[in-house]
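To convert, note that position 149 of the sequence shown is 188 in the numbering used here; the numbers rise steadily by one, no gaps.
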Amino acid sequence: MNKNYIFTIIKYKMKTYDIAIIGSGPSGASAAFEAAKKGLKTVIIEKEQLPRYKTCGGGFVFRGRRNMPFDVSSAVEREFFDVDIRFDAKKLALNTVRKNPIISMIMRDEFDYLIVQNAEELGVEVLQGEKLLALDFQNDFTILTTTNKKIQAKFIIAADGALSPTAKLAGWEESRLMCPALEYEIKVPNKDFERLSKSARFDIDVVPFGYGWSFPKKNHLSVGVGNFTKSTKKINLKENYRDYLKILGIETVLEEQAHGFIIPISPRKDGFIKQNVFLIGDAAGFADPLTAEGISNAIYSGKLVAEAIAESNLSLSKAKVLYNNKLNDKLIPELELGVKLAALFYENRKLRNLLLKKYGQRAAEYMTDIFMGDRTYPHNFKEKVKQKLKVSLF
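Set out below in structure tokens:
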């Protein structure tokens with residue numbers, strides 16, 4: 040250990056952690072919870088004061104909820120046991136029903152903070168109002184400079200969302216497919232709220248290469264529109280949103296708060312680990328490419344990285360191998376397949392609709408099973424599509 044490094048530690052009296060996690064969203068908070076449960080000294084660095092508002096549709100599918108290590112019902116505003124999926128403005132309407140809630144509606148400030156609080160109970164330290172400014176990579180530890188502090192950690196987990204300043208500091212170039220979305224928290228007249236609060240709804244094609252959603256919360260609607268594939272066509276999401284309100288039958292909006300955001304819907308192409316920095320959640324590009332739902336995979340990847348570090352006995356080289364193996368066992372193959380399915384679903388509209396007219400309900404049930412965590416994307420989907428197409432044409 041060099042003299043300058045020793046001097047730095049003494050000068051700033053830095054605290055030392057096994058893991059420093061940047062970001063307190065579902066991925067970061069879940070990673071912190073799992074790491075602390077396994078006895079690792081963990082800190083969360085969060086630039087905001089908690090709880091904080093987070094732009095998100097707030098639809099938490101059951102595959103994520105069933106894997107939570109504790110009850111999250113206190114943060115759930117509504118549960119929906121059925122889902123409406125509509126194509127081409129009601130030309131084709133599908134509905135699926137399950138015994139367990141397909142989608143639970145949450146507001147991210149309460150939901151994220153609930154996970155953080157559970158992590159704190161296990162000993163996780165949370166530094167609020169501290170923005171990460173710099174990373175100084177040493178041999179055994181990395182010095183993290185925040186707004187008001189300096190700490191050091193053996194492992195760093197970047198869980199700071201789609202834009203991920205931490206990933207940029209660690210040297211990642213952008214290789215994810217980034218897609219725009221607009222989400223509005225709106226209050227509407229009671230008759231409209233009552234009518235639209237009975238189910239969660241997806242309207243495919245109200246946005247070119249994307250969809251609109253209407254998610255009822257406790258006393259308001261989260262209505263959004265997003266474009267979820269690469270497109271050279273100019274898209275005006277504000278116009279799409281106004282058109283979508285008409286489709287929903289909403290003529291009067293009493294209150295409206297608009298939030299724009301970007302969703303990475305493909306995993307990074309240049310890996311998920313650089314030096315001692317591990318990417319999870321949106322920072323890694325782990326949102327579902329077909330649905331753009333990111334909460335469940337964010338939580339899942341947070342659990343995987345904590346397991347990898349714990350199982351490595353804090354060996355960086357072993358942790359890298361373990362994390363990559365865990366990702367490649369299930370998550371990465373599913374995401375890569377999801378990218379191909381999304382291209383078929385959004386970019387080949389005629390082919391998709393041809394198949395849906397004959398097999399729509401079956402496809403909706405299959406997709407719901409994925410939401411429930413009972414199935415994954417079919418790995419032989421190309422062959423199945425070809426077979427179905429031949430049957431339809433001939």
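All residues carry an ideal CB built from backbone N, CA and C; glycine is no exception.
Going by beta carbons, Ile-141 and Phe-126 fall outside the 8 Å limit. Counting along the chain, Val-155 sits inside the alpha helix (DSSP H) bounded by residues 147-160. Boundaries of the beta strand (DSSP E) harbouring Leu-133: 131-136, taken from the DSSP string.
By the CB criterion at 8 Å, Leu-293 and Lys-226 fall inside the cutoff. Distance from the CA atom of Gly-299 to the CA atom of Pro-90, rounded to whole angstroms, is 20 Å. Excluding five sequence positions before and after Lys-170, the CB atoms of its chain that fall closer than 7 Å to its own CB belong to Lys-86, Thr-185 and Thr-186, given in chain order. Your pair Glu-386 and Phe-248 checks out as a contact, with CB atoms roughly 7 Å apart and the cut at 8 Å. Nearest neighbour of Asn-367 by Cα position, chosen from Glu-222, Pro-306 and Phe-410, turns out to be Pro-306. Going by beta carbons, Ala-322 and Ile-304 fall outside the 8 Å limit. With contacts defined as CB atoms closer than 8 Å, Lys-365 and Glu-346 qualify as a contacting pair.
Residue pairing by DSSP places Leu-166 opposite Ile-84 in a beta bridge. By the Cβ neighbour-count rule, Val-136 is exposed, with fewer than 16 other Cβ atoms within 10 Å of its own. Straight through space, the alpha carbons of Cys-218 and Val-262 are spaced by roughly 17 Å.
Note on Thr-291: under 16 other CB atoms within 10 angstroms of its CB, so exposed under the neighbour-count rule. Per DSSP, reduced to three states, the secondary structure at Phe-300 is strand. Cβ-Cβ distances below 6 Å link Arg-391 to Phe-384 in the same chain, with the five nearest sequence neighbours on each side left out; the list follows chain order.
Fully enclosed alpha helix (DSSP H) runs of no fewer than 4 residues occupy 229-235 of the region 214-285, in order along the chain. The Cβ atoms of Val-122 and Ser-238 sit closer than 8 Å to each other. Taking the Cα of Ile-312 as reference, the smallest distance to any Cα among Lys-257, Ala-198, Arg-414 and Ile-243 is reached at Ala-198. Looking at the DSSP output, Val-100 bridges to Ile-142. Residues of the same chain with a CB within less than 8 Å of the CB of Lys-342, apart from the 5 flanking positions on each side, are Ser-69, Ala-70, Glu-73 and Asn-106 in chain order. Separation of the CB atoms of Glu-295 and Tyr-223 is rounded to 6 Å, and the pair is thereby assigned contact status at 8 Å. Taking the Cα positions, Val-264 is about 48 Å away from Lys-52.
Note on Lys-359: 16 or more other CB atoms within 10 angstroms of its CB, so buried under the neighbour-count rule. In its chain, beyond the 5 residues on either side, Lys-357, Ala-358 and Leu-361 have a beta carbon closer than 6 Å to the beta carbon of Ser-351.
Ile-61 is bridged by DSSP to Ile-84 and Ala-197.
Bridge pairing for Ala-345: absent [DSSP].
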